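Notes follow once the structure below has been shown.
2 protein chains.
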Amino acid sequence: MNQITKNDIEILQKTTLFLNMSEAEIREMLDCLNARKTTSLKNTMLLHYGDFCDSIGIVLHGTLHITREDFWGNSTLIAQCVPGDIFGETYAMSPNHIFEVNVTAITDSEILFLQLGKILSVCSTACTFHNRLIQNLLQAMASRNYLLSKKIEHITKRSTRDKLLSYLSNESRLAKSADFTIPLNRQQLADYLAVDRSAMSAELCRLRDEGILSFHKNEFHLYDVY
Amino acid sequence: MNQITKNDIEILQKTTLFLNMSEAEIREMLDCLNARKTTSLKNTMLLHYGDFCDSIGIVLHGTLHITREDFWGNSTLIAQCVPGDIFGETYAMSPNHIFEVNVTAITDSEILFLQLGKILSVCSTACTFHNRLIQNLLQAMASRNYLLSKKIEHITKRSTRDKLLSYLSNESRLAKSADFTIPLNRQQLADYLAVDRSAMSAELCRLRDEGILSFHKNEFHLYDVY
DNA sequence: CCTGATTTGTTGTAAATACAACAGAATTGT
DNA sequence: ACAATTCTGTTGTATTTACAACAAATCAGG
Numbered sequence: 028m029n030q031i032t033k034n035d036i037e038i039l040q041k042t043t044l045f046l047n048m049s050e051a052e053i054r055e056m057l058d059c060l061n062a063r064k065t066t067s068l069k070n071t072m073l074l075h076y077g078d079f080c081d082s083i084g085i086v087l088h089g090t091l092h093i094t095r096e097d098f099w100g101n102s103t104l105i106a107q108c109v110p111g112d113i114f115g116e117t118y119a120m121s122p123n124h125i126f127e128v129n130v131t132a133i134t135d136s137e138i139l140f141l142q143l144g145k146i147l148s149v150c151s152t153a154c155t156f157h158n159r160l161i162q163n164l165l166q167a168m169a170s171r172n173y174l175l176s177k178k179i180e181h182i183t184k185r186s187t188r189d190k191l192l193s194y195l196s197n198e199s200r201l202a203k204s205a206d207f208t209i210p211l212n213r214q215q216l217a218d219y220l221a222v223d224r225s226a227m228s229a230e231l232c233r234l235r236d237e238g239i240l241s242f243h244k245n246e247f248h249l250y251d252v253y
Numbered sequence: 028m029n030q031i032t033k034n035d036i037e038i039l040q041k042t043t044l045f046l047n048m049s050e051a052e053i054r055e056m057l058d059c060l061n062a063r064k065t066t067s068l069k070n071t072m073l074l075h076y077g078d079f080c081d082s083i084g085i086v087l088h089g090t091l092h093i094t095r096e097d098f099w100g101n102s103t104l105i106a107q108c109v110p111g112d113i114f115g116e117t118y119a120m121s122p123n124h125i126f127e128v129n130v131t132a133i134t135d136s137e138i139l140f141l142q143l144g145k146i147l148s149v150c151s152t153a154c155t156f157h158n159r160l161i162q163n164l165l166q167a168m169a170s171r172n173y174l175l176s177k178k179i180e181h182i183t184k185r186s187t188r189d190k191l192l193s194y195l196s197n198e199s200r201l202a203k204s205a206d207f208t209i210p211l212n213r214q215q216l217a218d219y220l221a222v223d224r225s226a227m228s229a230e231l232c233r234l235r236d237e238g239i240l241s242f243h244k245n246e247f248h249l250y251d252v253y
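Here the protein sequences come in this chain order: A and B.
The numbering of the first sequence is my numbering, which starts it at 28 and goes up by one.
The numbering of the second sequence is my numbering, which starts it at 28 and goes up by one.
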């Protein structure tokens with residue numbers, strides 16, 4: 028079993044799950060959660076489709092790719108996980124605990140696994156932070172849910188134009204202002220909205236020319252016209 | 028305060044949250060969760076963007092529409108809720124508890140609200156089913172998460188063809204067979220994949236003609252060709 | 001069995017999008 | 001300051017998709 032370092036703890040302290048807990052508190056929790064720290068070398072698959080999985084993973088170092096293969100064997104990237112990210116909680120919470128994606132380390136990586144069953148049952152040592160942890164886990168899942176719903180909302184729109192307006196409208200709302208800065212560059216935005224970058228770029232300019240919005244780099248402004 | 032009827036309990040018993048609990052157990056829980064049953068008349072908005080919301084809703088009767096308005100005031104349907112469905116858990120679990128969508132009763136409806144804070148803190152009466160409820164809530168959120176992720180996976184594909192193959196490939200996997208029946212008709216599938224029905228129908232036939240799959244009504248078969 | 005309603009497939013056309021290739025702007029590292 | 005690299009916008013073309021309108025098939029009820 029690998030030792031959990033002070034550095035690891037610092038990473039955990041930045042995760043939703045252990046936010047604002049002290050090192051001592053976290054170490055107590057890890058004990059209680061039957062934490063296992065594992066290492067995966069570059070380009071090795073650490074979790075496979077069909078694996079039994081009752082634990083959630085937290086990336087400590089490195090980068091993981093979550094992928095899925097279709098009927099014909101074509102692989103698609105679903106998510107990329109970097110230090111601090113949680114993965115597998117959906118499958119760990121599913122009734123049969125069967126993992127339905129592949130997880131591959133694309134660099135040498137360290138991952139911490141926490142046994143979810145231990146989180147759910149009140150632990151015998153009745154550690155003080157148990158409730159906090161449950162609350163944090165629920166919050167993390169709610170937050171993921173929120174992000175997924177938002178993405179679906181944008182991506183479901185039929186045209187590139189409507190996808191852009193849906194996304195920008197939401198960013199404006201977040202900023203509570205018609206002026207706002209988006210955190211994605213053009214390529215990232217195109218990937219997020221599942222459209223072609225150059226076509227999207229052209230559409231943005233059309234929206235600008237029609238006086239619906241204006242932008243300079245990543246700063247946008249929406250005009251209240253109708 | 029409206030009375031919770033035996034009929035209401037029967038609906039609750041079919042929800043993920045209270046699955047397999049007895050009437051007595053549920054009534055004890057409801058007390059502990061500060062449950063409020065409310066009535067909404069047809070076409071009234073019962074929750075608004077910006078409302079404070081620390082409770083999750085369960086539909087007992089009627090139909091609700093969850094919608095969102097964009098910057099310019101255009102409204103989009105996000106989800107439809109029918110008896111047994113849970114809603115609002117994402118916002119109830121968010122840090123600031125601010126509701127970001129609108130909920131409208133489109134028929135006369137009855138809704139049960141459960142105060143989420145009560146779920147999270149171990150209740151003073153230490154009711155036996157508290158842990159079960161937390162576990163069920165986590166499972167419900169995981170399950171929603173799973174569905175959202177799946178949808179994103181399909182819908183992110185650039186062409187109608189790839190969306191179809193992604194969806195059908197997954198259904199085949201669920202059925203553990205190259206033969207399977209899908210639970211959606213053509214219009215529903217088109218809506219789910221965010222494409223035009225007739226274009227999708229045409230694409231399905233093209234896939235059939237190319238020998239990639241075959242179908243009869245909602246029964247499909249995928250061919251293992253390359 | 002018949003009728004009307006619903007679902008599914010078909011086709012042509014207009015519109016939107018992807019794709020490819022490139023030019024200019026901005027950024028980074030030296 | 002310069003070169004190399006990345007990012008963004010532009011344009012033309014081929015492809016894909018939406019849309020509309022309709023035909024065929026299927027379904028539901030009387």
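Cβ coordinates follow ideal geometry from the N, Cα and C atoms, glycine included.
As the structure is a prediction and not an experimental result, all values here were calculated from the model.
Contact check, residue i vs residue j, beta carbons under 8 Å
i: L231/A; j: L191/A; result: yes
i: I105/A; j: A167/A; result: no
i: I182/B; j: E198/B; result: no
i: K178/B; j: I179/A; result: yes
i: V86/B; j: I138/B; result: yes
i: C80/B; j: A51/B; result: no
i: S136/A; j: T103/A; result: no
i: L175/A; j: L175/B; result: yes
i: S82/A; j: L141/A; result: yes
i: K69/B; j: I31/B; result: no
i: A205/B; j: H248/B; result: yes
i: T117/B; j: A202/A; result: no
Closer than 8 Å to chain B by CB, residue i
i: L46/A; result: no
i: I83/A; result: no
i: L165/A; result: yes
i: S121/A; result: yes
i: N245/A; result: no
i: L191/A; result: no
i: S196/A; result: yes
i: T42/A; result: no
i: M168/A; result: yes
i: F98/A; result: yes
i: T187/A; result: no
i: S199/A; result: yes
i: L91/A; result: no
i: T18/A; result: Beyond the ends of chain A as shown, which are 28 and 253, falls residue 18/A; an answer cannot be given.
i: A221/A; result: yes
i: R63/A; result: no
i: R95/A; result: yes
Chain A contact for residue i (CB, 8 Å cutoff)
i: K178/B; result: yes
i: T117/B; result: yes
i: I113/B; result: no
i: I53/B; result: no
i: R171/B; result: yes
i: R213/B; result: no
i: I105/B; result: yes
i: S241/B; result: no
i: T183/B; result: yes
Residues that DSSP places opposite residue i in a beta bridge
i: L240/B; result: L249/B
i: N129/B; result: T94/B
i: F114/A; result: G84/A
i: F79/A; result: I125/A
First through last residue of the beta strand (DSSP E) which encompasses residue i
i: K64/B; result: 63-67
i: I138/A; result: 136-142
i: S102/B; result: 102-108
i: D206/A; result: 206-208
First and last residue of the uninterrupted alpha helix (DSSP H) at residue i
i: T71/B; result: It is not in any alpha helix (DSSP H) - T71/B instead sits in the beta strand (DSSP E) that spans 71-74.
i: T187/A; result: 187-202
i: A167/B; result: 157-182
i: Q215/A; result: 213-220
i: N29/B; result: Careful: N29/B lies outside any alpha helix (DSSP H) and carries neither H nor E.
i: M120/B; result: First-last for M120/B: undefined, no H or E at that position.
i: M56/A; result: 50-59
Is the segment 231-244 of chain A touching the segment 110-130 of chain B, taking contact as three or more C-beta pairs under 8 Å? no
Does the structure place the segment 51-65 of chain B close enough to the segment 127-134 of chain B that three or more beta carbon pairs sit under 8 Å? no
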